[in-house]
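Q: Residue numbers (this note's numbering), protein chains in the order written: chain G, 361 to 625; chain Y, 9 to 252. Ideal placement from N, C-alpha and C gives every residue a C-beta, glycine not left out.
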Amino acid sequence: MIRLGQYRPGDTLLHRLDPRVKIVAVVAFSFVIFGATPAEILLLSAFLAAVIAAARMTPEQVMEALRPVTFFLALIFLVHLLFTAGKPLLSLAPLPLRITREGLVRGLYVTWQFAGLVLAAAILTLTTFSYDLVGGIERLLRPLAGVGIPSQDLAVMIAMALRFMPMLLEEYERLRMAQMARGADFTTGGLVLRSRAVVALAVPLLLSAFRRADELALAMEARGYQRGCPRTTLCTFTFARRDLGAFAALAALVIASLGLRIAAS
Amino acid sequence: MIRVENLVYRYEAAGPECLRGVSVEFAEGEHTALIGPNGCGKTTLIKHLNALLFPASGTVCVDGMLTTDVASVREIRRRVGMVFQNPDSQIVGMTVEEDVAFGPGNLALPPAEIRSRVGACLEMVGMTGFEKRAPHTLSGGEKRLLSIAGVLAMNPRYIAFDEPTAYLDAVGRKRILAIIRSLNQGGMAIIHIAHDASDIAAADRVAVMDRGLLLRTGTPSEIFGDAELLTAIGLAGAREERGT
Numbered sequence: 361m362i363r364l365g366q367y368r369p370g371d372t373l374l375h376r377l378d379p380r381v382k383i384v385a386v387v388a389f390s391f392v393i394f395g396a397t398p399a400e401i402l403l404l405s406a407f408l409a410a411v412i413a414a415a416r417m418t419p420e421q422v423m424e425a426l427r428p429v430t431f432f433l434a435l436i437f438l439v440h441l442l443f444t445a446g447k448p449l450l451s452l453a454p455l456p457l458r459i460t461r462e463g464l465v466r467g468l469y470v471t472w473q474f475a476g477l478v479l480a481a482a483i484l485t486l487t488t489f490s491y492d493l494v495g496g497i498e499r500l501l502r503p504l505a506g507v508g509i510p511s512q513d514l515a516v517m518i519a520m521a522l523r524f525m526p527m528l529l530e531e532y533e534r535l536r537m538a539q540m541a542r543g544a545d546f547t548t549g550g551l552v553l554r555s556r557a558v559v560a561l562a563v564p565l566l567l568s569a570f571r572r573a574d575e576l577a578l579a580m581e582a583r584g585y586q587r588g589c590p591r592t593t594l595c596t597f598t599f600a601r602r603d604l605g606a607f608a609a610l611a612a613l614v615i616a617s618l619g620l621r622i623a624a625s
Numbered sequence: 009m010i011r012v013e014n015l016v017y018r019y020e021a022a023g024p025e026c027l028r029g030v031s032v033e034f035a036e037g038e039h040t041a042l043i044g045p046n047g048c049g050k051t052t053l054i055k056h057l058n059a060l061l062f063p064a065s066g067t068v069c070v071d072g073m074l075t076t077d078v079a080s081v082r083e084i085r086r087r088v089g090m091v092f093q094n095p096d097s098q099i100v101g102m103t104v105e106e107d108v109a110f111g112p113g114n115l116a117l118p119p120a121e122i123r124s125r126v127g128a129c130l131e132m133v134g135m136t137g138f139e140k141r142a143p144h145t146l147s148g149g150e151k152r153l154l155s156i157a158g159v160l161a162m163n164p165r166y167i168a169f170d171e172p173t174a175y176l177d178a179v180g181r182k183r184i185l186a187i188i189r190s191l192n193q194g195g196m197a198i199i200h201i202a203h204d205a206s207d208i209a210a211a212d213r214v215a216v217m218d219r220g221l222l223l224r225t226g227t228p229s230e231i232f233g234d235a236e237l238l239t240a241i242g243l244a245g246a247r248e249e250r251g252t
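Structure, rendered in structure tokens:
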């Protein structure tokens, strides 16, 4: 069974923070990390390290968070390393490729940016219950209702998508087992045979997903859900002093980062 | 009182009639069992009771409100709860408590009231302590209990159960039937689709359907005493099971 839902129960400062503060922090961090100067890199790295420590994440948990994107990070690094013009450091003859100093620096920089983004998002999901996360997004989008953005419906849609994923995985397992019981083999054979087996699985899975979506929509209606109608939730957020402190720290980070950028330009 | 009069329904405009002029009443506090062979229209009928389906002709009236009156739909869905056959189709929350809170949230109740209902309904079905569990980690029987709690949180007057004991073991069946009985004893009207004779022993009234028609209503003893009727609709086995 594939494990879903990264949230790890805990009682760290990060766990206790209002989800709205954490969401705003991730968005702000995403903005400042792009275009960061070398001095900003040090500042943002130190901030990220402090947040990881505050969340009491172990090195194993940090690596686990990065594992799903390892291939993507390696690809970004290699593309920049091998295809950036500049002062050659190493030739890869007979291949028409060479590693340049600029490529190495650029590769490390871009890989650091993406790894930082992934870690920030991972800290958010590790320390925020999915329900609070969706509630936080809804509350933050609520002021946009005036310009026609239905924050409550968007929150329900996100929650449904999160609910749907384990359902689809369960269905996938059921179909796979049912087909294996009737002789299907997904692990051996050539590419053509394996592709056929996957298609045989994908079609019923897709049909099942449509059927489940219909049933879920009916169940929501049966329990009084009507798009566009006001609704309430269990979530009650209170903006505590610690949230104010976290918000001030975030503001200081953004101002310092922008200050360093202006100074460097 | 839910009053169904001459209800006709087709899933496709030019398709066959799934319900062919059904007229039946479900009184407050009454426990009615709906029986009949697969495909006879039982589920289609109960989907009309909380305005999930609308009649092609005829009417469905819940406590004086027509299901075709758009302004009444929300209140009708509050008054008539629906427990689907497959709990996976009904659970919409990412956690147990969030799922139970979904219906009261749609009624725009204050968070404190929602929390109080969530606690009370989970206790009622014996699921206190499961609040933070993800629904996909629950067993089939627990999912069934959760789907009942989710409906109870709407504080309905009537609950329609679509084969609530299907696929459950003996212990699970007993537990669900005990909950249904206790709800009914508390004054809740129950409309209960069942195939198993033992499931409907506690019903006040049994309505028999076949091929889109309501054939007959009567007490469980009257219905299970009518061998000819049960044979005609292919439920003779249910009679033997009941030991009539």
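Rounded to whole angstroms, what is the Cα-Cα separation between Arg28 of chain Y and Glu83 of chain Y?
A: Approximately 27 Å, taken between the alpha carbons.
Q: Which bits of chain G does Phe110 of chain Y rub up against, with CB to CB less than 8 Å?
A: The contacting residues are Met580, Arg583 and Tyr585.
Q: May I ask you to list, following chain order, the residues of the stretch 477-498 of chain G that have a beta carbon less than 9 Å from some beta carbon of chain Y?
A: Within the stretch 477-498 of chain G, the residues whose Cβ lies closer than 9 Å to some Cβ of chain Y are Phe489, Ser490, Tyr491 and Val494, listed in chain order.
Q: From the DSSP output, which residues share a beta bridge with Val32 of chain Y?
A: Y:Val12.
Q: Buried or exposed: where does Gln193 of chain Y fall if 16 or more other Cβ atoms within 10 Å of its Cβ makes it buried?
A: It is exposed - the Cβ of Gln193 of chain Y has fewer than 16 other Cβ atoms within 10 Å.
Q: Consider the Cβ of Arg85 of chain Y: report whether some Cβ of chain G lies at a distance smaller than 8 Å.
A: True, the Cβ-Cβ gap to chain G drops below 8 Å.
Q: Given that a residue counts as buried once 16 or more other Cβ atoms are within 10 Å of its Cβ, and exposed if not, what is Arg213 of chain Y?
A: The residue in question, Arg213 of chain Y, is buried, as its Cβ has 16 or more Cβ neighbours within 10 Å.
Q: Please list, in chain order, the residues of the stretch 156-167 of chain Y that have any C-beta partner in chain G closer than 8 Å.
A: For the stretch 156-167 of chain Y, which is checked against every Cβ of chain G, the residues closer than 8 Å are Gly158, Val159 and Met162.
Q: Alpha helix (DSSP H) containing His375 of chain G: first to last residue?
A: First-last of the alpha helix (DSSP H) with His375 of chain G: Leu373 to Arg376.
Q: To the nearest angstrom, how far is it from the Cα of Ala560 of chain G to the Cα of Gln539 of chain G?
A: Roughly 9 Å between the two C-alpha positions.
Q: Which chain G residues are close to Gln98 of chain Y, counting only those with a beta carbon under 7 Å from its beta carbon?
A: Ala579, listed in chain order.
Q: Whose C-beta lies closer than 7 Å to the C-beta of Ala505 of chain G among residues of the same chain, with five residues either side of it excluded?
A: Answer for Ala505 of chain G: Ser511, listed in chain order.
Q: How is Phe62 of chain Y classed by DSSP in three states: helix, strand or coil?
A: Correct three-state label for Phe62 of chain Y: coil.
Q: Examine chain G for any beta-carbon lying closer than 8 Å to the beta-carbon of His144 of chain Y, and answer yes or no.
A: By this cut-off, His144 of chain Y is an interface position.
Q: Output yes if chain Y places a C-beta closer than 8 Å to the C-beta of Met527 of chain G; else output no.
A: Cβ-Cβ to chain Y under 8 Å: yes for Met527 of chain G.
Q: Which class does Thr239 of chain Y belong to by DSSP, given the choice of helix, strand or coil?
A: Here Thr239 of chain Y sits in helix by DSSP.
Q: Using a 10 Å radius around the Cβ and a threshold of 16 neighbouring Cβ atoms, would you call Arg427 of chain G buried or exposed?
A: Answer is exposed; the Cβ neighbour count stays below 16.
Q: Taking Met520 of chain G as the reference, which of Y:Met102, Y:Arg87 and Y:Gly195 has the closest Cα?
A: With distances taken between Cα atoms, Met520 of chain G lies closest to Y:Met102.
Q: Please report how far the alpha carbon of Glu400 of chain G lies from the alpha carbon of Leu484 of chain G, in whole angstroms.
A: Their backbone Cα atoms lie some 22 Å apart in a straight line.
Q: Under 8 Å Cβ-Cβ, which residues of chain G neighbour Ile122 of chain Y?
A: Ordered by position in chain G, the residues that pass the 8 Å Cβ test against Ile122 of chain Y are Thr592, Thr593 and Leu594.
Q: In three-state DSSP terms, what is Val552 of chain G?
A: In this structure, Val552 of chain G counts as helix in the three-state DSSP scheme.
Q: Answer with buried or exposed for Leu364 of chain G, where buried requires no fewer than 16 other C-beta atoms within 10 angstroms of its C-beta.
A: Only weak support exists for where Leu364 of chain G lies, its pLDDT of 40 falling under 50; the value from the coordinates is given anyway. With fewer than 16 Cβ atoms within 10 Å of its Cβ, Leu364 of chain G is classed as exposed.
Q: Give a yes or no on whether the C-beta atoms belonging to Cys26 of chain Y and Gly44 of chain Y are separated by under 8 Å.
A: Going by C-beta atoms, Cys26 of chain Y is not nearer than 8 Å to Gly44 of chain Y.
Q: For Gln586 of chain G, which option in G:Thr596, G:Arg571, G:Tyr532 and G:Met517 has the closest C-alpha, if you only look at C-alpha atoms?
A: When only C-alpha atoms are compared, the closest one is G:Met517.
Q: Which chain G residues are close to Arg82 of chain Y, counting only those with a beta carbon under 8 Å from its beta carbon?
A: Correct list: Gly584, Gln586 and Cys589.
Q: From what residue to what residue does the beta strand (DSSP E) around Val216 of chain Y run?
A: Residues Arg213 to Asp218.
Q: Using a 10 Å radius around the Cβ and a threshold of 16 neighbouring Cβ atoms, would you call Cys589 of chain G buried or exposed?
A: Exposed: under 16 other Cβ atoms inside 10 Å.
Q: May I ask you to list the residues that DSSP assigns as paired with Thr225 of chain Y?
A: Thr225 of chain Y is bridged to Y:Ala215.
Q: Kindly indicate which residue of G:Pro369, G:Leu374, G:Val465 and G:Gly370 has the alpha-carbon position closest to the one of Ala606 of chain G.
A: Cα-wise, what sits closest to Ala606 of chain G is G:Leu374.
Q: Have a look at Y:Leu61, Y:Leu153 and Y:Ala168 and flag the residue whose alpha-carbon is nearest the alpha-carbon of Gly180 of chain Y.
A: For the residues Y:Leu61, Y:Leu153 and Y:Ala168, the minimum Cα distance to Gly180 of chain Y belongs to Y:Leu153.
Q: Quick one: which residues of the stretch 389-413 of chain G get their C-beta closer than 9 Å to a C-beta of chain Y? List them in chain order.
A: Listed in sequence order: no entries.
Q: Does any residue of chain Y have a CB that is nearer than 8 Å to the CB of Ala505 of chain G?
A: It does not: the Cβ of Ala505 of chain G has no partner Cβ on chain Y nearer than 8 Å.
Q: Let me make sure I understand the geometry here. Which of G:Thr488, G:Ala609, G:Val411 and G:Ser568 has the alpha-carbon closest to that of Met527 of chain G?
A: Ranking the options by Cα distance to Met527 of chain G, first place goes to G:Ser568.
Q: Consult DSSP for Thr167 of chain Y and reduce its assignment to one of helix, strand or coil.
A: Checking the sequence, you will find Ile at residue 167 of chain Y rather than Thr. Ile167 of chain Y: strand per DSSP, three-state reduction.
Q: Is any non-hydrogen atom of the ligand FAD found closer than 7 Å to the C-beta of Ala35 of chain Y, if you look at the structure I gave you?
A: Questions concerning the ligand FAD fall outside what the structure shown contains, since it holds no ligand whatsoever.
Q: CA-CA distance, Ile362 of chain G and Leu486 of chain G?
A: Per-residue confidence for Ile362 of chain G stands at a pLDDT of 35, beneath the threshold of 50, marking its modelled position as unreliable; the derived number appears in the next sentence. Going by the C-alpha atoms only, they are around 17 Å apart.
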